[in-house]
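Sequential numbering of the sequence shown, starting at 2, is according to my numbering.
Note that beta-carbon positions come from the ideal geometry of N, C-alpha and C, so glycine has one too.
Bear in mind that the values here come from a model prediction, so they are computed numbers and not experimental data.
Let me begin by presenting the structure, written as structure tokens, before commenting on it.
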Amino acid sequence: QARVGWERFQEIIADDKRIEPRDWMPDDYRKTLVRQVSQHAHSEIIGMQPEGNWISRAPSLKRKSVLMAKVQDEAGHGLYLYSAAETLGTSRDETYEQLYTGKAKYSSIFNYPARTWADVGAVGWLVDGAAITNQVPLCRASYGPYGRAMVRVCKEESFHQRQGWEILYTLSHGTQAQKQMAQDAVDRFYGPALQMFGPPDAESPNSQQSMAWNIKRFSNDVLRQRFVDMIVPQAEALGLTLPDPDLKWNEERGHYDYGELDWDEFFSVVKGDGPLNHQRLAHYRAARDNGAWVREAAAAYADKQAAAQQD
Ligand code: FAQ
């Protein structure tokens, strides 16, 4: 049985087709998907915090309603992704528990604070921009439920990126102080946004196997380069400077060269020592604890309804 399953799995991957939940799959394939999909889900959930912090202080009613919609989209993305992880046999309770206890990883970027309104713009432009660059190829991930979830997520994130770009454009064409605020935000988010793509290829233990299984389609460095090439002209259009003196067009490569990123900082943030790791997790735990009575009430109500239907 396992042999037939293995051969069929190999065939599906070789034909660049999709593995569906009921198909046989090797344990390691399932494991790496649960790892990536759950980390991705947690990133969306923790990722609500930096911007959520600005909902009550958005500079206009319009900005406030747009930001609320964006943060709500992120919750939705998290929920799709938890569902995709469930199709791999991992219950939500288990996945939630891993985040609650601090065992799970989520994207390094969300351990940085959103200090000013311009940071909300930088999160939209750079963080959503990096997320889309990474996620568009994931729409073709070999695992069906993950790839399909990515299609809608990417559509929504394109709006998010434009929203961020427009905030920065407005600020960079405002007063000198507003332009400076936009520049400061870009200065702080540029490096951490580039690190969202993961460690350099030489230090990325999962990439090769994930690419062989058609989960990842491109390596971390290839996508990081694609992102840099995309944002350089966008920064020019914004009238803002990217904080990298080594950034320059390389005619031979047909790409922008960029300077070395601070990988010590990256690994320390991933290990849990970033500026806000403790605060992010504490906030998540408090929200979960404070919402326990709602979940209990909803479950009690559902039980009551089910019992009433049986009568
Ligand atoms: N932060 O071998 P690799 C968003 C870990 S969504 C923390 O290269 P892989 C939307 C990695 O897990 C953002 N940890 O790993 C939004 C692994 O550890 P493990 C999230 C990181 O999986 C916008 C180890 O390092 N997007 O932003 C990071 O092949 C605005 C070795 O790394 C996704 O999750 C990192 N940056 O490649 C929301 C996309 N990078 O598990 C709110 C899906 C690496 O072995 C506001 N994920 N690590 O213990 C992926 O594409 C991949 O998982 C990568 C990493 C590319 C992130």
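- CA-to-CA, the gap between P27 and E95 works out to about 21 Å.
- Of the candidates V5, T33, S39, V5 places its Cα closest to the Cα of D24.
- In this structure, the ligand FAQ has no non-hydrogen atom nearer than 6 Å to the beta-carbon of D29.
- Counting only residues of its own chain and dropping the five nearest sequence neighbours on each side, L139 has a CB closer than 6 Å to the CB of M151.
- Annotation for P200 indicates a beta carbon within 6 Å of some heavy atom of the ligand FAQ.
- With contact defined as three or more Cβ pairs closer than 8 Å, the segment 124-135 and the segment 86-95 are not in contact.
- The three-state reading of DSSP puts K104 in coil, since its state is none of H, G, I, E or B.
- In the three-state DSSP reduction, H256 falls in the strand class (E or B).
- Three or more beta-carbon pairs drawn from the segment 38-51 and the segment 96-115 are found closer than 8 Å, and the two stretches are therefore classed as touching.
- In the DSSP annotation of this structure, the continuous segment of the alpha helix (DSSP H) that includes N291 starts and ends at 278-291.
- Under the three-state reduction of DSSP, W25 is assigned to coil, being neither helix nor strand.
- A residue is called buried once 16 or more other Cβ atoms fall within 10 Å of its Cβ, and Y259 is buried on that count.
- When rounded, the separation of the alpha-carbon atoms in S57 and D312 is 47 Å.
- Scanning its chain for C-beta atoms nearer than 8 Å, with the 5 sequence neighbours on each side dropped, one finds around M212 the residues R218, F219, S220, in chain order.
- Remark: the C-beta of V271 is in contact range of the ligand FAQ, defined as less than 6 Å to any heavy atom.
- With a threshold of 16 other beta carbon atoms within 10 Å, D120 meets it and is buried.
- For the ligand FAQ, a non-hydrogen atom lies closer than 6 Å to the CB of M197.
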